[in-house]
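Numbering (the working numbering), first residue to last: 504 to 868. Where is the CB? At the ideal position from N, CA and C, for every residue including glycine. Everything numeric in this text was worked out from a predicted model, so none of it was measured. Below is one structure, written out as structure tokens, with a few remarks after it.
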Ligand code: IPM
Ligand code: MN
């Protein structure tokens with residue numbers, strides 16, 4: 504029997520309630536695939552700051568080090584509540600970025616996918632959606648503005664100033680380029696490279712390295728698009744995209760736009776892959792405004808489990824079964840209140856009920 508250790512960081516806000524549903528799915532997969540998933544819960548995020556004095560406590564680091572993979576819920580507090588935590592311990596800066604840095608999780612996969620049957624979730628018109636939406640954003644996750652040198656102070660003229668650097672070296676670019684080309688090879692062999700080389704020197708180097716790496720993948724067609732234009736095309740014709748690759752900050756912004764065209768970030772899980780370790784997380788925040796009410800949809804959390812099954816444990820078939828099980832719950836006309844639109848013809852169910860129905864559907868597959 505295969506045995507894997509999985510660190511479970513349920514995070515803040517709706518994190519614990521959607522993680523509970525993901526665990527139900529993991530338990531069923533363990534049983535029917537005859538694998539042993541040893542789940543190691545750890546404190547992480549604002550809740551960890553209040554219980555342990557640190558948003559990424561030492562003991563959580565130790566259990567993540569020990570785990571074969573990490574599954575993480577959303578973190579963060581409301582803008583007001585964040586002020587109760589010192590700036591450097593706020594969960595984004597104090598926990599999430601250190602997690603990314605610790606495991607060098609440079610390759611962030613954000614699938615933007617909506618089968619035709621779920622197209623009603625999207626705000627786009629049916630004629631724009633066509634046969635559904637299905638592309639993947641590959642975001643470089645440990646470089647650029649997020650991790651560059653930062654300096655604040657008062658300049659010679661007595662004015663407060665800030666200097667934040669967008670840094671990449673060629674190795675950082677080539678490793679994400681390889682991931683993108685390899686992903687494109689497995690899909691439609693078209694790669695959209697997103698850049699801003701008409702202004703940014705960082706994009707000039709980025710594109711140079713993309714070209715060099717691309718020489719090893721002659722079967723992949725590269726289309727270079729400026730990031731601002733890409734934002735427009737995502738609304739007007741998302742069907743032209745299959746694999747998109749971009750630097751960290753562009754990826755942060757365009758992936759939220761991806762969530763927008765799906766109708767909700769709640770429909771977007773993600774995988775963050777490093778050379779030795781990977782972690783999996785929903786692309787959205789902790790939604791403190793609806794936490795604890797049992798109305799949040801666990802799709803992105805369960806989808807993150809599906810990505811982990813495929814990418815960390817080689818269980819691609821079972822991952823597909825999990826996706827199909829989730830989609831069948833929507834197809835049966837059920838949804839949670841957070842995803843439903845006023846007047847939509849859906850049967851509203853709770854977070855836990857959604858999870859139970861996914862487990863029931865998976866059990867039949
Ligand atoms: C994301 C989030 C994070 C980011 C925040 C929480 C720091 O928005 O994963 O996209 O900006 O990367
Ligand atoms: Mn983001």
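Residue i CB to nearest heavy atom of the ligand IPM below 7 Å
i: residue 739; result: no
i: residue 871; result: Here the chain comprises residues numbered 504 to 868, so residue 871 is not present and cannot be evaluated.
i: residue 755; result: yes
i: residue 579; result: yes
i: residue 595; result: yes
i: residue 831; result: no
i: residue 599; result: yes
i: residue 457; result: In the structure displayed, the chain extends from 504 to 868; residue 457 sits before or after that span and is not available.
i: residue 786; result: yes
Reference residue i; option with closest CA among the options
i: residue 565; options: 527, 511, 608, 526; result: 511
i: residue 727; options: 719, 718, 713; result: 713
i: residue 751; options: 659, 701, 641, 823; result: 641
i: residue 784; options: 747, 737, 613; result: 613
i: residue 639; options: 678, 600, 695; result: 695
i: residue 667; options: 655, 567, 674; result: 655
i: residue 536; options: 557, 562, 517, 507; result: 507
i: residue 822; options: 529, 522, 771, 791; result: 529
i: residue 773; options: 815, 796, 845; result: 815
i: residue 540; options: 732, 526, 673, 556; result: 526
i: residue 689; options: 669, 590, 594, 722; result: 722
i: residue 756; options: 620, 627, 733, 652; result: 733
i: residue 576; options: 602, 650, 868, 554; result: 602
i: residue 740; options: 659, 542, 635, 561; result: 635
i: residue 857; options: 868, 831, 779, 684; result: 831
i: residue 664; options: 522, 845, 653; result: 653
i: residue 616; options: 824, 789, 691, 761; result: 761
i: residue 742; options: 754, 731, 765, 753; result: 765
i: residue 777; options: 557, 554, 606, 598; result: 606
i: residue 768; options: 747, 749, 806, 735; result: 806
i: residue 747; options: 839, 681, 598; result: 681
i: residue 863; options: 763, 829, 847, 718; result: 829
i: residue 618; options: 868, 710, 826, 818; result: 826
Reduced DSSP secondary structure (H/G/I, E/B, other) of residue i
i: residue 711; result: helix
i: residue 510; result: strand
i: residue 531; result: helix
i: residue 547; result: coil
i: residue 679; result: helix
i: residue 747; result: strand
i: residue 851; result: strand
i: residue 538; result: strand
i: residue 697; result: strand
i: residue 559; result: coil
i: residue 660; result: coil
i: residue 671; result: coil
i: residue 564; result: helix
i: residue 723; result: coil
i: residue 684; result: helix
i: residue 553; result: helix
i: residue 650; result: coil
Residue i, enclosing alpha helix (DSSP H) - first and last residue
i: residue 796; result: No alpha helix (DSSP H) contains residue 796, which DSSP labels as neither H nor E.
i: residue 656; result: From DSSP, residue 656 is part of no alpha helix (DSSP H) but of the beta strand (DSSP E) over 653-657.
i: residue 624; result: First-last for residue 624: undefined, no H or E at that position.
i: residue 616; result: Looking at the DSSP string, residue 616 is not in any alpha helix (DSSP H); the run it does join, the beta strand (DSSP E), is 610-618.
i: residue 830; result: 819-834
i: residue 601; result: 600-605
i: residue 730; result: 730-739
i: residue 856; result: 854-867
i: residue 779; result: Counting along the chain, residue 779 falls outside any alpha helix (DSSP H), and DSSP gives it neither H nor E.
i: residue 585; result: 582-585
i: residue 815; result: Note, residue 815: premise wrong, no alpha helix (DSSP H); not H, not E.
Distance cut-off 7 Å: residue i Cβ against heavy atoms of the ligand MN
i: residue 759; result: yes
Element boundaries [beta strand (DSSP E), containing residue i]
i: residue 575; result: 572-575
i: residue 789; result: Run containing residue 789: none; DSSP gives neither H nor E here.
i: residue 638; result: 635-643
i: residue 702; result: No beta strand (DSSP E) contains residue 702, which DSSP labels as neither H nor E.
i: residue 667; result: 663-667
i: residue 767; result: No beta strand (DSSP E) holds residue 767; DSSP gives it neither H nor E.
i: residue 843; result: Unbroken run through residue 843: none, as it is neither H nor E.
i: residue 774; result: 772-776
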